[in-house]
Every structure is written in structure tokens, then in C-alpha cells.
Amino acid sequence: MPFAPGNTRFGFALLWTLATFGGFLLSLLLIEVGEKPDIGLVEAAIGGFAIALPQGCLLKQPIFCIRWIWSSLLGWSIITVIGIGAMGWIVPSTQILPQRILSGAIYGALGGFGIGLAQWLAIPQYQAWRWILVCSASWAVAIPVGSTIGMLLHHWTQLFFGEVIGLAITWLLVGILTGINAHKLR
13 MPFAPGNTRF GFALLWTLAT FGGFLLSLLL IEVGEKPDIG LVEAAIGGFA IALPQGCLLK
73 QPIFCIRWIW SSLLGWSIIT VIGIGAMGWI VPSTQILPQR ILSGAIYGAL GGFGIGLAQW
133 LAIPQYQAWR WILVCSASWA VAIPVGSTIG MLLHHWTQLF FGEVIGLAIT WLLVGILTGI
193 NAHKLR
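Structure, rendered in C-alpha cells:
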């Protein structure tokens, strides 16, 4: 069931990025972007499924794909329940740039750690620690960057759509940063 081209690292990273970003765009049709209290467990699970399904299709074995989807759903559900929230669909309520950057980096690192830890259930054990670190670092970088761009666009245009663009940039960065290492999961 591999849909990824050959064994080229760049080709797989590109497909992983497109799958991640495409999954996010699909999730926008299914759930509404909002502030932290607006996004609940059901929305996080739906969004997590929309992301994990195309990612899982890139993995070599069907059983690995199924485990990837289930572990991703578990990760998104857990971080939402414990209060970190569905990071990729939440727009920070603060308009103070340093606070957005710092809280984005902290919540991104914690949330990425939680998602990576849950996905550890689906990947070979010798790669688990690396994947957990990659997820944590990717989210810790992507959320502050996307959130800052979203806040600036919202400020300049006076449209909430600017924040949605910031979330899209966050997902694009997460796709790129995790995609660089995701080829090792195959």
C-alpha cells in the first residue's frame, strides 16, 4: 500500500508535507477554528483523524497505517482533555506578541511531545525517542511562527481569516519539519 515514491527522502518529505497540509485543509471543512474553549474533544478527534489518515496512507504497511491513525487520535484526544487543547485549530486570545510567542513555544512543545508520545505506539521502538523529539520541536517552532503571522495579518486586515492563514502556516511548517524525519518511519 505504499503511495510514496521510491525511497527518496525529499520525495517522501514533500508527500508528507502535502498530506499533513491537505489533512488540515480537509479538517477545516469538518470543524470550526476557534479559541481554546471552543474546540473540544470531538473536534480534536475529527481533526486528528483528518490529519492522520493521509499521513498513514504514506506508510508502508496497512497495519502500520491503522496503528498510526489510532495513536494519533489518542494523542490529539489526550492533549485536548488535559487542557493543552487542539493546537492546530486554536487561535490564541492574546494580542500581546511576546506572550503569543512564549506560550506558543511552550504549548507547542508540550502538545507535540504528547502527540509524538502517543504515536510512539505505532512506530518501531528504536525510533520512538527521535520521533517524540521531532514532534515536540516542530510544534514548538511552528506555533509561534504561524501564530505571529496570523496575529499580524488579523491586525492589518481586521479579518479573522488572517488567524486562519496563520494556522495554515503552522500546519505547513509542522508538515515540513516532521516530513524531514518521517521517511524513517517507513
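The opening residue of the sequence shown carries number 13 in our numbering; numbering runs sequentially from there. Ideal Cβ positions, reconstructed from N, Cα and C, are used throughout, including at glycine.
Own chain partners of residue i with C-beta closer than 6 Å, once the 5 adjacent residues on each side are dropped
i	result
A16	At A16 the pLDDT is 46, less than 50, meaning the model places this residue with poor confidence; the figure from the coordinates comes in the next sentence. If we look at A16 and ignore the five residues flanking it on each side, its Cβ neighbours are F24, L27 and L70.
Proximity of residue i and residue j at Cβ, strictly below 7 Å
i	j	result
G95	W80	no
G120	I161	no
W88	G60	yes
A117	A152	yes
K196	Q131	no
G174	H166	yes
Residue i versus the options, residue with shortest Cα-Cα distance
i	options	result
W183	S39, Q137 and L86	S39
L53	P66, S83 and I91	I91
I113	Q139, V93, G178 and S84	G178
L122	M99, P136 and W132	M99
L164	L65, I51 and P110	P110
A180	W143, L37 and R142	L37
I51	P104, L185, R142 and I192	P104
A194	G34, I144 and E44	I144
G35	I108, L65 and V176	L65
Spatial neighbours of residue i in its chain, beta-carbon cut-off 8 Å, leaving aside the 5 residues before and after
i	result
T202	In the structure as shown, the chain begins at 13 and stops at 198. Residue 202 is therefore absent and cannot be evaluated.
C77	M13, G68, C69 and L71
G126	G87, I90, I91, I94 and I96
Beta-carbon proximity list for residue i, same chain, < 7 Å, skipping 5 on both sides
i	result
A134	F76, R79, W80 and S83
F22	none
A57	L85, W88 and S89
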